[in-house]
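Quick note, the sequences are listed as chains A and B, same order.
Residue 151 in our numbering is what sits at position 151 of the first sequence, and the numbering runs on without skipping anything.
Residue 1195 in our numbering is what sits at position 195 of the second sequence, and the numbering runs on without skipping anything.
Just below is one structure, and these are the notes that go with it.
Number of protein chains: 2
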Amino acid sequence: MAAAKQTSAQPRRRADAQRNIERILDAALEALTDDLDASMTEIARRAGVVRATIYVHYPTRDELLDAVTARAFSEIGEAIAAADPQRGEPIDALRRVVAATWRKLGRYHALVAITTARDTSEEVHERHAGVLDQLLPLVRRGQHSGAFRADVPADWHLSMLIALIHAASAEVRAGRVDDHDAEAAVTATVIGALARPA
Amino acid sequence: MAAAKQTSAQPRRRADAQRNIERILDAALEALTDDLDASMTEIARRAGVVRATIYVHYPTRDELLDAVTARAFSEIGEAIAAADPQRGEPIDALRRVVAATWRKLGRYHALVAITTARDTSEEVHERHAGVLDQLLPLVRRGQHSGAFRADVPADWHLSMLIALIHAASAEVRAGRVDDHDAEAAVTATVIGALARPA
DNA sequence: TTGAACTCAGACAGCGCTGTCTGATTTACT
DNA sequence: AGTAAATCAGACAGCGCTGTCTGAGTTCAA
């Protein structure tokens, strides 16, 4: 079993073990963002542990990737919930959601690429379910109210939203746009892409 | 030197060699679309040749990837030129360009991912230059005329355009939208993303 | 028809990765 | 203070890949 969030049913984990788990997950995300094929050796180096220590916590590379991805989606889900997507006009709610999530989502592009390549599309969809379940209602009510174009499936809008956020993040990483300008730009671009034409 | 397009300066290539080169490039594109890490063994299998035959024409894996990518960008450049991006209103020209290129561009996502991961951003930019040189004037004149939003760099619009096309193609490959509906949808989504709000 | 270009069919070496192992050492919880 | 949890520091085996090689056989252009 991979390292799991501690529960009262398990013996307490030593503090240094808990610290190492966080460092391993952080290092994995960073290494994989730089190189989709980053090795366990490279991840261990960045985490400041020996390779065998990773295997203590995550018996295989895939289990490590699953853990990093689960953590990422959990964080995004929390950010979306905090943006309160059900409240107010769909366009306003979409603004809040994009502002709340674009930076995080952009960082997770590598994980999306890796899991998309590795898993079946059902597995990928299931992994995204926590996030999709929060966003689909917003897209649907926007389509119903006439704020968003309704001649495409709601899934289409979500795919376009995620693609634009990843592209925006790439522009920032490439240094072509600064972070502050990018926030206004990605918000406007997303709204333009989803909104029903006037 | 990698297998190059035949010129009068070179001895004529045998017909079966020419056929194999085309099949190798086709097989490489197909295999890499399915798996970014597709092996030379897999590419040879799909091409119906032995591995050593690929090495006769492309001494390294990277040279093969370069050849596939060069061919892809050449095709896209031709499709863009055929769409006549300098003619007419910017929105109309953008429609023509998207209609002419979205299917091809969508198929080359794997190559973009691979070369982006491998090369420096200068190298990637240089590789895209033939395509960017044709599209940047369209974006700039659209920004100048007020048709496209001008509060972001022209590069921003191009990145968003390409991201949306790739996402659209992924929706079609996933079977969530059919090809015909996707064309109308991607055109509308791109125009919405780039256009200055009314 | 001839002969060079081209391909085939393996075999081989080297590399880097993943996962496992073990005894020694360190950390930290009770 | 004691001791179990955790980590370290390599070493090891197996795997699959890339690139190279060679002699035999096939293809095709002149």
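No residue lacks a Cβ here, since even glycine has one placed at the ideal position from N, Cα and C.
Being a predicted model, the structure only gives us computed values, none of them experimental.
Expressed to the nearest angstrom, what Euclidean distance is found between the alpha-carbon atoms of Ala93(A) and Leu32(A)?
Looking up residue 93(A) in the first sequence gives position 93. Looking up residue 32(A) in the first sequence gives position 32. About 32 Å.
Would you please verify whether the beta carbon of Arg1149(B) is less than 9 Å from any beta carbon of chain A?
As a working mapping, residue 1149(B) is identified with position 149 in the second sequence. Cβ-Cβ to chain A under 9 Å: yes for Arg1149(B).
For a cutoff of 9 Å on Cβ pairs, would you count Arg1140(B) as touching chain A?
Sequence index remark: in the second sequence, residue 1140(B) carries index 140 (1-based). Closer than 9 Å: no.
Can you tell me which of the three DSSP states Ala100(A) falls into?
One-based indexing of the first sequence puts residue 100(A) at position 100. Looking at Ala100(A) - three-state DSSP - the assignment turns out to be helix.
Write down the C-beta distance between Val1080(B) and Val1097(B) rounded to the nearest angstrom, noting that I regard them as a contact closer than 8 Å.
Your numbering for residue 1080(B) matches position 80 in the second sequence. Your numbering for residue 1097(B) matches position 97 in the second sequence. The identity of residue 1080(B) in the sequence shown is Ile, whereas the question assumes Val. Contact holds; Cβ gap of about 6 Å.
Considering only the alpha carbon of each residue, which of Val1131(B), Ile1054(B) and Asp1034(B) lies closest to Ile1024(B)?
Taking the second sequence and counting its residues from 1, one reaches residue 1024(B) at position 24. For the residues Val1131(B), Ile1054(B) and Asp1034(B), the minimum Cα distance to Ile1024(B) belongs to Ile1054(B).
List the residues of chain A that Trp1102(B) touches, going by C-beta distances under 8 Å, in chain order.
On the second sequence, position 102 is the one that residue 1102(B) refers to. Under the 8 Å cutoff, chain A gives no residues; its nearest Cβ is about 13 Å from Trp1102(B).
Considering only heavy atoms of the ligand PLP, does any lie closer than 8 Å to the CB of Asp1119(B)?
The ligand PLP is not part of this structure, which contains no ligands at all.
Opposing strand residues paired with Ala1195(B) [DSSP bridges]
Along the second sequence, read from residue 1 onward, the residue named residue 1195(B) stands at position 195. Ala1195(B) pairs with Phe1148(B).
Members of the segment 118-133 of chain A that neighbour chain B once the beta carbon cut-off is set at 7 Å:
Ser121
7 Å Cβ cut-off: residues of chain A touching Thr1069(B):
As a position in the second sequence, residue 1069(B) is number 69, starting the count at 1. None at all; the shortest Cβ gap to chain A is about 17 Å.
Is it buried or exposed, Ala200(A), if we count other Cβ atoms within 10 angstroms and call 16 or more buried?
This structure leaves residue 200(A) out entirely; chain A is present only between 1 and 198.
Does any residue of chain B bring its CB to less than 9 Å from the CB of His180(A)?
Along the first sequence, read from residue 1 onward, the residue named residue 180(A) stands at position 180. So no, His180(A) is outside the interface.
So what's Ala1083(B) in DSSP terms, helix, strand or just coil?
By one-based count along the second sequence, residue 1083(B) stands at place 83. Coil.
Taking C-alpha atoms, which residue in Arg140(A), Thr187(A) and Pro153(A) lies nearest to Trp1156(B)?
Here residue 1156(B) is taken as the residue at index 156 of the second sequence, counted from 1. Minimum Cα distance to Trp1156(B) is reached at Thr187(A).
Just confirm the distance between the C-beta atoms of Ile91(A) and Ile191(A), as a whole number of angstroms; I'd bet it's less than 8 Å.
On the first sequence, residue 91(A) is found 91 positions in, with the first residue counted as 1. On the first sequence, residue 191(A) is found 191 positions in, with the first residue counted as 1. Right, their Cβ atoms sit about 6 Å apart.
Taking only three categories from DSSP, how would you classify Asp1062(B)?
Position 62 of the second sequence, counted from the start, is the residue given in the question as residue 1062(B). Of the three classes helix, strand and coil, the one that applies to Asp1062(B) here is helix, per DSSP.
Using a Cβ-Cβ distance cut-off of 9 Å, determine whether His1057(B) contacts chain A.
Locating residue 1057(B) in the second sequence gives position 57, counting from the first residue. Closer than 9 Å: no.
Take Leu1028(B) and list the residues in its own chain whose beta-carbon comes closer than 7 Å to its own, dropping the five residues that flank it on each side.
The residue you call residue 1028(B) lines up with position 28 of the second sequence. Going by the sequence as given, residue 1028(B) is Ala instead of Leu. Excluding residues within five positions, the ones whose Cβ falls inside 7 Å are Ile1043, Leu1064 and Val1068.
Go ahead and label Ser74(A) buried or exposed: buried means 16 or more other beta carbons lie within 10 angstroms of its beta carbon, across all protein chains shown.
Within the first sequence, the letter at position 74 stands for residue 74(A). With fewer than 16 other Cβ atoms within 10 Å, it is exposed.
Can you tell me the Cα-Cα spacing of Arg1103(B) and Arg1087(B), whole angstroms?
To locate residue 1103(B), count along the second sequence from 1; it is residue 103. To locate residue 1087(B), count along the second sequence from 1; it is residue 87. Cα to Cα, the separation comes out at about 22 Å.
Listed in chain order, which residues of the segment 1151-1164 of chain B have Cβ atoms closer than 7 Å to some Cβ of chain A?
Val1152, Pro1153, Asp1155, Trp1156, Ser1159, Met1160, Ala1163 and Leu1164
Using a Cβ-Cβ distance cut-off of 9 Å, determine whether Gly192(A) contacts chain B.
Reading the first sequence from its first residue, position 192 is the one you call residue 192(A). Taking Cβ atoms only, chain B reaches closer than 9 Å to Gly192(A), which makes this a yes.
Straight-line Cα distance separating Arg1012(B) from Ala170(A):
Within the first sequence, residue 170(A) is the residue found at index 170, counting from 1. Within the second sequence, residue 1012(B) is the residue found at index 12, counting from 1. Answer to the nearest angstrom: the Cα atoms are 44 Å apart.
Does Leu36(A) get closer than 9 Å to chain B when you measure Cβ to Cβ?
The count along the first sequence starts at 1 and reaches residue 36(A) at position 36. Cβ-Cβ to chain B under 9 Å: yes for Leu36(A).
Status (buried if at least 16 other CB within 10 Å, exposed otherwise) for Ala4(A)
If you number the first sequence from 1, residue 4(A) lands on position 4. Any reading at Ala4(A) must be qualified, since the residue scores a pLDDT of 44, below 50, and its modelled position is unreliable; the value itself is stated next. Exposed, since its Cβ has fewer than 16 Cβ neighbours within 10 Å.
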